[in-house]
Each structure stands twice: as structure tokens, then as C-alpha cells.
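Line by line, the protein sequences are chains R and F.
Everything in the first sequence is counted per the working numbering, starting at 1 for the first residue and increasing by one.
Everything in the second sequence is counted per the working numbering, starting at 1001 for the first residue and increasing by one.
Positions of the beta carbon are idealized from the N, C-alpha and C atoms, including for glycine.
In this text, all values refer to a predicted model and were calculated from it rather than measured experimentally.
Heads up: the structure comes next, in C-alpha cells.
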Amino acid sequence: MKNRVIDWIDQRFPLSSFVKHDLTEYPTPRNLSYWWNFGFLAGFLLVLQVATGIFLAMHYKAGADLSFDSVQHIMRDVNYGWLLRFMHATGASAFFLVIYIHMARTLYYGSYRAPRELMWWTGQGLLIMLMATAFMGYLLPWGQMSYWGATVITNLFKVTPYFGEQIVTWLRGDYTVSDATLTRFFALHYLIPFLIIGGVLVHLVALHTVKSSNPSGIDLAAKENIPFHPYFTTKDLFGLGVFLIVFSIFVFFFPNMLMDPANFIPANPMQTPAEIVPEWYFLPFYAILRSVPNMVGGVVAMGLSVMMFAFMPLLDRSRIPGGASNRPMVKLGFYLFLLNMLALGYVGAHPVSAQTLLIGHIATIFYFGSFFLIPFISKAEERWLIKRGLPPALTALMEREARDRGNKQARRRSGDDK
Amino acid sequence: MKKFIVLLILCCASVQVWAAEATLQNIKVDTDLPAIESGLDVFMNTCHACHTLKYITYLDLVKLGVDKTKVDGMRGDQPLDTSLVGLMPDAAAEQMFGKVPPDLSLMTHAREGGPSYVYSYLLGYYNTPDGVTHNRIFPATHMPDPLGMSTATDPAQQAKIRKTAHDVVSFLAWAADPHKQERHRLGYYVIGYLAFLTLLLYIVKKQVWSRLK
């Protein structure tokens, strides 16, 4: 019976071949470490955010006079409303943490390099959509920090040449952040996650074309690849269990830890909070914004700071495959960059003082400097490593790649594009 | 890697030192009914004349376990699901204090330091030598010393005021987060379940991977 149903479906839809191609026979490098679990976790969090979000939307009311009260209604009166909201709020932070680790892994192991550039760029697009969703979602509780955060950030669009004022008004739907802003942010906060789901599908199709990278940076021989199911389904589920334990500790015992006290006060357009601080996941970029003395420069720098990652496949000019496991400078650079991010986060979280300004300036210069220096460092490192002698596996791979490149060029010259 | 972790921990530690520069008296709120109920009495007698508690209804008090006849005495002829809104009209409050006293439902969440802030603030009143009352935590406050800390000289009396402040802060902490105890109780079960499930998943993973040569 079961086979007949599946046969019936298979004649109309590629079910079995899909399961085969993408699960039971999808080749996955067996040496993937637990750092490769975070893509799956990000997918899980996307589902969790959408699921809790839909149920929250059933009880939430968007409106300048309604939102703050309706959040309290969810927290107090709706059955397990507090659980939904705390999962959603903690989930947002967890999502960014998981995505940042996912990105850090990509940078550390050089997974963004050919042929995985499109994975990195679709991921970059997903990050920007995630940031937009989080930013708009933060307005919805209509607390003081919601209101003033949205005011500060929408105000940045003033730097647009010629149409600055008009664009800010257009974004807000009013001259200030108001009821009109709140309702449109709610609509977009509900929409963008579905665009993210579409983007994730593209990301996954690209992944299943180029397959996973692995810690060695060398494409493994066929026998070193194992099917995704059952090996990585079980490994991902175990990772999910560990993640959920940590997540639950925050949801049940420290749900307010990352909430700003000012956001427990209803939005008041007449009173600015002592300090306007974004959520932790925006702090490094916010620090860059504040470190540039000129507003136009600050906005451009902040925008660029998010986009800089996209240039990595072009900036990294070393022919030595992989990342930190084969390249000591990548490892060193990675940790320095991470420390720099923490320094920027620290600067973003604290009010402007002579000390934070100085750290902010240095860290901003280091941030952009490290990207601009990558082409030179990667080339110098390549020369140094080749001179020192590479392991035979790497040399063989590099020779093969050089041969492929040569063949491709020869074919192109001879007019045979295939 | 190890050095890096140590560095991370040091960073976190330095941030905490930074946050400790406010001189709050750190307290742990009580979560038992007698303390919360005694805080409720303080709230009704002292705070409620001016302050609202709009997200808490009389029904919430009954559900918490406060004696029904006592709640009935408080609410008079108002329905049970009336929230504890203020007795003072906004205009009168504005005239008296210069501003409308804030709603207290979320007060223990809405200040840096949480319950410790509210506690320290209530006890922060003092008299200057020329007889003016100030508050060391929130100098710009419009609220007159509600518990009489600034005039209390006798240590026994001061201890009593501390106890009163502690109770009312415990009550306000409950009001800000009424599901906290339920949340913690559920949290232990959920985490216990997840720990067991994760252990099983680990065994499954080990088992499956052991087939690889």
C-alpha cells in the first residue's frame, strides 16, 4: 500500500528522488564539526519565530493607544501568552547569536570562497532582511526604547541626497514616528519573514549544488562523504537539544535580561530616554555610526560595515584552499576581528565619553582596515606559506584548480563554451 | 583559544564593575504570600492614594490567594475584574505634585536595578541640616517621603520601615511579573525533559555514527 501511494506520487511529483538527492544520499563531509550545526539551528529559529509570531499576532493590537496594553494583555491574561512572548523575544536574540556564529564559522574556515560565493551572498541578503525584521519588530511593544530607537534609525535616512526629508516622512507615514509608523512596521514585520523563507530556499538550493565545505578546506574524496540522513539528522537533532536547553534557561529564568528597562515605560514622544541604546545585536554597527563625526559619513560607514562581509570572496586572493586550518594569518585575523567586534559592542552599549570615543575610533578604523588589508595580507601569506612548503594534499588541490582554470580558458579561446 | 576565553570572561567582569557604580542596596524580593500580602496592604494604604496599578485587577488578587472577603472590602461595589486604578484624578495630581504619579504595574522592571532600585529609592529620603527632604537615588523626585524614612531616627523604627519597603517592593515585583513562579516551576520541568531528551538524542547519534568505519 505504502509503495503504491509513493509510486502514485512519484509519477506526479519527484518525491523519492528529492528525498534521495537531498537527504538519504546527499553527500556530506564526515569531518564536519559541531560548528556546522548552526545553519540548521537558524532554520529552526526561523520556524519558531514564525510560529510564535503568528500566535502573538492573534492577540496583539497594533496602535499607538493599544500596543503597550495589548502586550501586557498577552503577558498576563492570554493562556501561556508570557511563554509565547518570551520565546519570541528571546528567539530574536538567539537567532542573531546563531546567525553570527554561522557567519563566524564561514569566515574562519573560508567557506565563502569559490564555489560558494552565492551561498555567502544569499546569506548576506538574509542577514539584512533579518535585521530589518528585528528592527521593525522592536517597535511593536511601543515602549520608550521602541519609539526612540525607531526615531533615531528612521532619521538616518535624512542623509539621502535631495529627498532626505521626504524619504523619512514616507518611511514613517507621518512627520514623526507615530501610529502610522507602528501599523506599517507591523505589516512589514509580518511580511519579511516569509521573504526570508523564500531566501532560505534559494540558500539551500545553492548549498545542495555546491555541497558543504569542511574544516580541512579540501574537497573530500567520495568515500569521505556520508549521507546527510541519518548521520547529520541525528547530529543536528542532538545539537538542537543542547541549544533548546540553553534557550529554555533564558526563556524561563532570565527572560528580561536582554530587555531594556526603558521599554517597560509606554512610548512618550515628549520625553527622550537618558540613553538610546539598540538591542545587543546591533551594537557594533551602532558604534560605527557614532564613531564617524559626520552624520552622512556615519550612515554610509554603518551601511558599509554590514555590507563589507559580502566582499570577502573578492578580497581574499590567496589560492591556498580553506581558511584558518591551513592559513595562520586567517586564524590570527579572525580572532583579532572578533575582539574588535566585542570592543565595538562595548562602545555601542555605553554613552559617549572621551574613552569610548577613542576606542570607537580605533575599532572603526581597524574594522574597515582589516577588510582593505585582506587582499594584500592574503597574497603575502600565500607566498610565505608556499615558500615554507605546503602539505602535499593542498599542493595537489591547487595544481588541479590551476589546471581546471587553464583548461577552461583554453576552451573559451577555442570557442567551445561547454 | 583558552587565552581568548579568559579574555572574554575578563571583558564580562569589567562590564559588571562598570554597572556597579550606582549605589543601590541590592535586595532579593520575597515570593511568599504573607510578604506579598503585607506589601499589598502597604500599597493600598500608602501608595494607592496617588498611584495606579492598572494591569492588576481585584480578581488577580483573589487568584493570588488573598482572602476573598478582604478583597471585597477593598473593591467596595466595583466589579471583581476592575483594575486598581487611581483614586486621585489626574488634574488634582498634576496640581499637587506637578506631574501625574506613574503607574506602578511595571515599576520594578522599568528602572535599571529593578526591585533594588525601587527599594533603595523608597529608603533614599534624608533631611538636609536646613530641614529640606531630598532623595539620594532620584534627586528630582516629586514624591514626598512615603514611608517616613527621612524623619525616622530610632533604629527599631528604621528597621520597621525597611521591612515595609521590602514588602511593598515584593508586592510590586509580583505585580510586574505575576507568572514568575509558574514560569520557574514550568521551567524546571521543561529543562529536565529536554535534558533527558538530549541525552537520548546523544545516544542515538553515537549509535548511528558508530556504523561508520
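Please state whether DSSP places Leu1084 of chain F in a helix, a strand or coil. DSSP places Leu1084 of chain F in strand when its eight states are reduced to three.
Let me know if Asp236 of chain R comes out buried or exposed under the rule of 16 or more other beta-carbons within 10 Å of its beta-carbon. By the 16-neighbour rule on beta-carbons within 10 angstroms, Asp236 of chain R is buried.
Cutoff 7 Å; reference Arg1185 of chain F; Cβ partners in own chain excluding five residues on either side: Once the five neighbours on either side are set aside, Arg1185 of chain F has no close Cβ partner at all.
Distance between beta carbons of Ser291 of chain R and Gly360 of chain R, contact taken as under 8 Å: Between Ser291 of chain R and Gly360 of chain R the Cβ distance is about 4 Å, and since that is below 8 Å, they are a contact.
In three-state DSSP terms, what is Gly81 of chain R? Looking at Gly81 of chain R - three-state DSSP - the assignment turns out to be helix.
Taking only beta-carbon positions, decide if Trp82 of chain R is within less than 8 Å of chain F. Taking Cβ atoms only, chain F reaches closer than 8 Å to Trp82 of chain R, which makes this a yes.
Bridge partners of Leu1053 of chain F, per DSSP? The partner list for Leu1053 of chain F (beta bridge, DSSP) reads F:Leu1084.
Coil, strand or helix - His1134 of chain F by DSSP: For His1134 of chain F, the secondary structure class from DSSP, reduced to helix, strand or coil, is strand.
Proximity below 8 Å, CB of Pro1102 of chain F to CB of Ala1093 of chain F: Remark: C-beta atoms of Pro1102 of chain F and Ala1093 of chain F do not approach each other more closely than 8 Å.
Assuming Ser1150 of chain F and Thr1133 of chain F are in contact, meaning their beta carbons sit under 8 Å apart, how far apart are those beta carbons, in whole angstroms? About 5 Å separates the two Cβ atoms, so the contact holds.
When the Cβ atoms of the segment 182-199 of chain R are set against those of the segment 123-133 of chain R, are three or more pairs found closer than 8 Å? Result yes; three or more Cβ-Cβ pairs closer than 8 Å.
Of the choices R:Arg400, R:Leu283, R:Ser93 and R:Thr395, whose alpha-carbon is the least far from that of Ser248 of chain R? Closest in C-alpha terms to Ser248 of chain R, from the list R:Arg400, R:Leu283, R:Ser93 and R:Thr395, comes R:Ser93.
Ala1110 of chain F and Phe264 of chain R - do their beta-carbons sit closer together than 8 Å? Yes, the pair counts as a contact, with Cβ atoms nearer than the cut-off.
Give every residue of the same chain whose Cβ lies closer than 8 Å to the Cβ of Leu1123 of chain F, excluding the five residues on either side of it in the sequence, and list them in chain order. Sequence-distant Cβ neighbours of Leu1123 of chain F in its own chain, meaning closer than 8 Å and more than five residues away, are Gln1025, Leu1147, Met1149, Ile1161, Arg1162 and Ala1165.
Please return the same chain residues whose Cβ sits closer than 6 Å to the Cβ of Gly301 of chain R, not counting the five positions on each side in sequence. As written in the sequence, residue 301 of chain R is Ala, which differs from the Gly given in the question. Hits under 6 Å: Ile288 and Val292.
Between the CA atoms of Cys1047 of chain F and Leu1059 of chain F - distance to the nearest angstrom: Leu1059 of chain F and Cys1047 of chain F have their C-alpha atoms roughly 19 Å apart.
Using a 10 Å radius around the Cβ and a threshold of 16 neighbouring Cβ atoms, would you call Ser70 of chain R buried or exposed? By the 16-neighbour rule on beta-carbons within 10 angstroms, Ser70 of chain R is buried.
For Val168 of chain R, which residues from the same chain have a beta carbon less than 8 Å from its beta carbon, with the 5 sequence-adjacent residues on both sides left out? The residues are Thr154, Asn155, Phe157 and Lys158.
Complete beta strand (DSSP E) runs within the segment 108-137 of chain R (minimum length 3 residues, chain order): As far as the segment 108-137 of chain R is concerned, it has no whole beta strand (DSSP E) run of at least 3 residues.
Name the DSSP beta bridge partners of Tyr1126 of chain F, please? Per DSSP, the beta-bridge partners of Tyr1126 of chain F are F:His1134.
Taking 8 Å as the CB-CB limit, is Pro426 of chain R close to chain F? Absent from the model: residue 426 of chain R. The displayed extent of chain R is 1 to 418, so no value can be given.
Can you tell me the Cβ-Cβ gap for Pro27 of chain R and Pro227 of chain R, rounded? I've got them flagged as a contact below 8 Å. That belief holds up - the Cβ atoms of Pro27 of chain R and Pro227 of chain R are roughly 7 Å apart, short of 8 Å.
Going by other Cβ atoms of all chains shown within 10 Å of its Cβ, with 16 needed for buried, is Leu332 of chain R buried or exposed? In this structure Leu332 of chain R is exposed. Its beta-carbon is surrounded by fewer than 16 other beta-carbon atoms within 10 angstroms.
Assuming Thr1164 of chain F is part of the alpha helix (DSSP H), what are its boundary residues? Per DSSP, Thr1164 of chain F belongs to the alpha helix (DSSP H) from Pro1155 to Ala1176.
Which value, in whole angstroms, describes the spacing of the CA atoms of Leu204 of chain R and Gln166 of chain R? C-alpha separation (whole angstroms): 39 Å.
N-terminal and C-terminal residue of the beta strand (DSSP E) that Ile226 of chain R is part of: Under the DSSP assignment, Ile226 of chain R falls in the beta strand (DSSP E) whose first and last residues are Asn225 to Pro227.
For the beta strand (DSSP E) holding Thr28 of chain R, just list the boundary residues, first then last. Counting along the chain, Thr28 of chain R sits inside the beta strand (DSSP E) bounded by residues Pro27 to Pro29.
Using 8 Å for Cβ pairs, my map puts Phe238 of chain R next to Thr1198 of chain F. What's the rounded Cβ distance? Phe238 of chain R to Thr1198 of chain F, Cβ: 7 Å. Contact.
Reference Glu419 of chain R, options R:Phe163, R:Arg319 and R:Trp142, closest by Cα: Residue 419 of chain R cannot be examined here, being either before or after the span of chain R that is shown, 1 to 418.
Cα-Cα, which of R:Pro351, R:Lys223, R:Arg317 and R:Trp120 is closest to Gly199 of chain R? For Gly199 of chain R, the closest of R:Pro351, R:Lys223, R:Arg317 and R:Trp120 by C-alpha to C-alpha distance is R:Trp120.
Does any CB atom of chain R fall closer than 8 Å to the CB of Pro1101 of chain F? Taking 8 Å as the CB threshold, Pro1101 of chain F stays off the interface with chain R.
What does the alpha-carbon distance come out to for the pair Phe41 of chain R and Phe13 of chain R? The sequence given here has Leu at residue 41 of chain R, not Phe. So the two alpha carbons sit approximately 28 Å from each other.
Leu107 of chain R vs Phe376 of chain R beta-carbon contact at 8 Å: For the pair Leu107 of chain R and Phe376 of chain R, the CB atoms are not nearer than the 8 Å cut-off.
Contact set for Asn31 of chain R: own chain, Cβ-Cβ below 8 Å, skip 5 residues either direction: Here the set comprises Asn214, Pro215, Ser216, Leu220 and Glu224.
With burial defined as no fewer than 16 other Cβ atoms inside 10 Å of the residue's Cβ, what is the status of Arg327 of chain R: buried or exposed? It counts as buried.
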